[in-house]
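Let me begin by presenting the structure, written as structure tokens, before commenting on it.
Numbering (the working numbering), first residue to last: 84 to 291.
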């Protein structure tokens, strides 16, 4: 799936971000009810690994596929860093380029054996599971970027805060795209074919 780019405006305010999260959790709760209903209709029981959305970030659970793509994004970002800049500026540009690469790089995901039941449930609801998974992989890569940035002792906290704002904005846009995928299923009959498209694409806001 190809994601085109737009230039995001200023980062969400604290109130906007909190409101977005509250609305997202409400929609996710409704979606979980739909999944349970689909499983009951199909005569299935709830799987051990219940479909749920984690409020925090469990870095240990991030897949090897995500980590592999993240390494590719880092390597490509390093190539674009201007080495003539002061060291601090090089590191800032590295994180910016990494985020840009995460949003724009092509990603091919597949259904893993442990995801088959989840993918079948999504299909029953008319949702493109691979499009959903791609968006989740990009979010996880941004989580890894944030973790690496947090552990970077050479970067001042105020610069980390600026980069964190950009990460939050990009994650919010990806989450909004997930909401769109899940929300589209609420008005579709089960037999409707998923469109497989995600509107709006995101690129890194370049700070001056």
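Note that the Cβ used here is the ideal one computed from N, Cα and C, for glycine as well. Remember, it's a predicted structure, so these values are computed and weren't measured experimentally.
Please return the same chain residues whose Cβ sits closer than 7 angstroms to the Cβ of residue i, not counting the five positions on each side in sequence.
i           : result
residue 247 : 229
residue 216 : 192
Only counting the same chain, and skipping five residues up and downstream in sequence, which positions put a Cβ closer than 6 angstroms to that of residue i?
i           : result
residue 213 : 192
residue 244 : none
residue 164 : 173, 176 and 177
residue 202 : 194 and 212
residue 127 : With a pLDDT of only 46 at residue 127, under the threshold of 50, the placement of this residue in the model should not be trusted; the figure read from the coordinates follows. So no residue of the chain qualifies.
Tell me whether residue i sits in a helix, a strand or coil according to DSSP, three-state version.
i           : result
residue 209 : coil
residue 146 : coil
residue 262 : helix
residue 164 : coil
Cα separation between residue i and residue j?
i           : j           : result
residue 223 : residue 177 : 18 angstroms
residue 207 : residue 171 : 50 angstroms
residue 160 : residue 154 : 10 angstroms
residue 238 : residue 166 : 17 angstroms
residue 179 : residue 150 : 18 angstroms
residue 232 : residue 162 : 18 angstroms
Check this for me: beta carbons of residue i and residue j, under 9 angstroms apart or not?
i           : j           : result
residue 218 : residue 250 : no
residue 190 : residue 142 : no
residue 145 : residue 204 : no
residue 148 : residue 220 : yes
Once you ignore the five residues that flank residue i on each side, which residues in its own chain have a CB closer than 8 angstroms to its CB?
i           : result
residue 225 : 182, 185, 250, 253, 254 and 257
residue 242 : 171 and 175
residue 188 : 152, 155, 156 and 159
residue 235 : 174 and 243
Flag residue i as yes when its Cβ comes closer than 8 angstroms to any non-hydrogen atom of the ligand NAP, and as no otherwise.
i           : result
residue 185 : Ligands displayed in this structure: none; no statement on the ligand NAP is therefore possible.
Hey, which unbroken runs of the alpha helix (DSSP H) at 4 residues or more fall wholly within the stretch 167-247? 170-187, 199-207 and 212-233
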